[in-house]
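These notes concern the structure reproduced below.
Numbering (the numbering used here), first residue to last: 62 to 209.
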C-alpha cells in the first residue's frame with residue numbers, strides 16, 4: 062500500500078468515528094453505556110493492597126541487588142567492567158527506590174479514594190433518605206379502581 066493510500070484509509074477510518082471510547086460505553090460513538098458502572102470501597106482498597114504487594118516485590122529485588130553488590134566492593138581494583146557494573150548498580154538502585162516511593166504514594170491515593178467514595182456514597186444515600194422522609198408520598202386523589 063502506498064503512503065497516499067494508507068493516509069486516505071486512515072482518514073476514512075477517523076471520519077467513521079473511530080475515536081476513543083469508554084469501556085462502559087455501548088455501541089458506537091459517545092452514546093453512553095449501560096449505566097451499570099459501580100465503584101466500591103473493597104475494589105479500591107484491593108487495588109491499594111496489590112500496589113503494596115508490588116512495593117514488597119520491589120523491596121525484595123532491591124535487597125537482592127544490594128546483597129549481590131556487596132561482594133564487588135568499590136570498583137574491583139581498576140577493572141573497567143567492575144566500574145561499569147557499579148554504574149549500572151547505582152542506576153538500578155535509584156530506579157527501584159523511585160518505583161518503591163511511587164508505589165507507596167499510589168497506595169495512599171487508592172486508599173484515600175476508597176474512603177472518599179464510601180463517605181460520598183453514604184452522604185448521597187443519606188441526603189435522599191432525608192428527602193424521602195420530608196416529602197412522604199400521599200395517597201392518590203380519587204377512588205380506588207374496582208370500587209363503586
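Built from N, CA and C at the ideal position, the CB exists for glycine as well. In this text the structure is predicted, and so the values were computed from the model without any measurement.
Cβ neighbour criterion (16 or more within 10 Å) applied to residue i
i           : result
residue 64  : exposed
residue 109 : buried
residue 104 : exposed
residue 183 : exposed
residue 89  : Bear in mind that the predicted position of residue 89 carries a pLDDT of just 48, short of 50, making it unreliable; the figure below should be weighed with that in mind. Classification for residue 89: exposed.
residue 192 : exposed
residue 71  : exposed
residue 73  : exposed
residue 75  : exposed
Distance between residue j and residue i (C-alpha atoms, nearest Å)
i           : j           : result
residue 175 : residue 187 : 18 Å
residue 173 : residue 69  : 47 Å
residue 185 : residue 170 : 22 Å
residue 196 : residue 190 : 10 Å
residue 101 : residue 177 : 11 Å
residue 198 : residue 164 : 51 Å
residue 144 : residue 122 : 21 Å
Residue from the options with nearest C-alpha to residue i
i           : options             : result
residue 149 : 166, 129 and 180    : 129
residue 167 : 74, 107 and 196     : 107
residue 124 : 173, 155 and 195    : 155
residue 127 : 147, 67, 74 and 100 : 147
DSSP state of residue i mapped onto helix, strand, coil
i           : result
residue 91  : No answer about residue 91 holds up, because its pLDDT of 46 lies below 50 and its placement is not dependable.
residue 63  : coil
residue 196 : coil
residue 152 : helix
residue 188 : helix
residue 69  : helix
residue 161 : helix
residue 101 : coil
_Closer than 8 Å is the cut-off here; do at least three beta carbon pairs connect the region 160-170 with the region 113-127?_
yes
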